[in-house]
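Worksheet: the structure to be examined is printed underneath.
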Amino acid sequence: MQMLQTERLDELRRLFHGEVLLPADDGYESARRIWNGMFDRRPAVIARCLNTGDVVTAVNSARENDLLVAAKGGGHNSAGNAVCDDGIMIDLSLMRRVSVQPESRTVRVDGGALLHDLDSETHRHGLAVSGGGIVSHTGVAGLALGGGFGWISRAHGLAVDNLVSAEVVTGDGRTLTASADENADLFWGIRGGGGNFGVVTSFQFRCVEIGPSVYSGLIVKRFEDAKEYLAFHRDYARWPGHGISITPPNHTRRECT
Ligand SMILES: Cc1cc2nc3c(=O)[nH]c(=O)nc-3n(C[C@H](O)[C@H](O)[C@H](O)COP(=O)(O)OP(=O)(O)OC[C@H]3O[C@@H](n4cnc5c(N)ncnc54)[C@H](O)[C@@H]3O)c2cc1C
């Protein structure tokens, strides 16, 4: 740490476009906070990245100074792994761009984006990424790297099923594309392996058409009718495409395709 606080820290600052925060700096206290307030960890440095180049600089600095690394996406993980004591927190929360390609029904999203950043942009095109979770302030990165289960997953799969490619900064400071055709083993690893293979700076997902109106809500029934309604739900919630046609008890007939 002594080395980092002298010329190595100057080197990090010189190459960095975002913010480099030390414990005495304004913004350090809020930047180290994560969703699970039970964790009160204090990194030696917080590197608030603006682009992939910053992530490379931060990873190289961590490796050269033998520092523990914690990558922060949305900071929503209940295990608190987005923040560490004494090491370097590579904070991607300033990297939240989302770019939809409606023609190919794909979307590119930065590694620090939250679900509502992603959903609000895709929704403008009548699209959604299946596997995006149910709480809008969850991070896309941690969710997708762990699998990613959301509202429409039963019909369209997990986030990792819909991942086309990712840009990954590995521990040796290289920037790699991971896809079925390029670095396929890395692609396999990041689809469920969490942040253990590198820092993901962007993801490209396949989208499905949905909306623009989406209906949702609670259905509350009497306990005595549970058997009847659970049987109805079992049939109604079958995988789409089976073309089932059912009449729920005490309801008007509906078609479910
Ligand atoms: C209230 C709540 C609701 C949830 N709902 C759902 C849900 O509906 N569906 C679902 O699938 N999951 C859900 N989860 C779980 C959630 O997906 C995970 O906690 C996920 O890790 C959060 O991602 P994050 O980016 O916000 O987390 P972070 O805390 O930032 O990171 C989590 C892990 O991923 C690593 N990481 C983060 N960003 C990157 C990156 N860019 N590159 C490499 N590694 C990175 C971190 O180092 C850490 O190990 C929920 C969690 C909570 C607390």
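Offset between the sequence shown (1-based) and my numbering: plus 197.
Every residue gets a Cβ at the ideal spot worked out from N, C-alpha and C, and that includes glycine.
- Counting along the chain, I243 sits inside the beta strand (DSSP E) bounded by residues 242-245.
- If you draw a straight line from the Cα of G308 to the Cα of S290, it is about 8 Å long.
- The DSSP-derived three-state label of V337 is helix.
- Secondary structure of V405 (DSSP, three-state): strand.
- Checking the DSSP bridge columns, you'll see T374 partnered with E364.
- By the Cβ neighbour-count rule, P409 is exposed, with fewer than 16 other Cβ atoms within 10 Å of its own.
- In the same chain as T374, and ignoring 5 residues on each side of it, the C-beta atoms closer than 7 Å to its own belong to S362, E364, N380, in chain order.
- Within the DSSP bridge table, the entry for D288 names R245, K269 as partners.
- V280 and V295 do not touch by the CB rule: their CB atoms are close to 25 Å apart, not below 8 Å.
- Here V252 carries a helix assignment [DSSP, helix/strand/coil].
- L342 is a Cβ neighbour of G390, given a cutoff of 8 Å.
- Between the segment 221-231 and the segment 319-332 there are fewer than three C-beta pairs closer than 8 Å, too few to call the two in contact.
- Taking 7 Å as the cut-off, one finds no heavy atom of ligand 1 near enough to the beta carbon of N257.
- When the Cα atoms are used, V297 and F346 turn out to be separated by approximately 21 Å.
- At least one heavy atom of ligand 1 is found less than 7 Å from the C-beta of T335.
- The beta carbon of A434 is closer than 8 Å to those of R351 in its chain, skipping five residues each way along the sequence.
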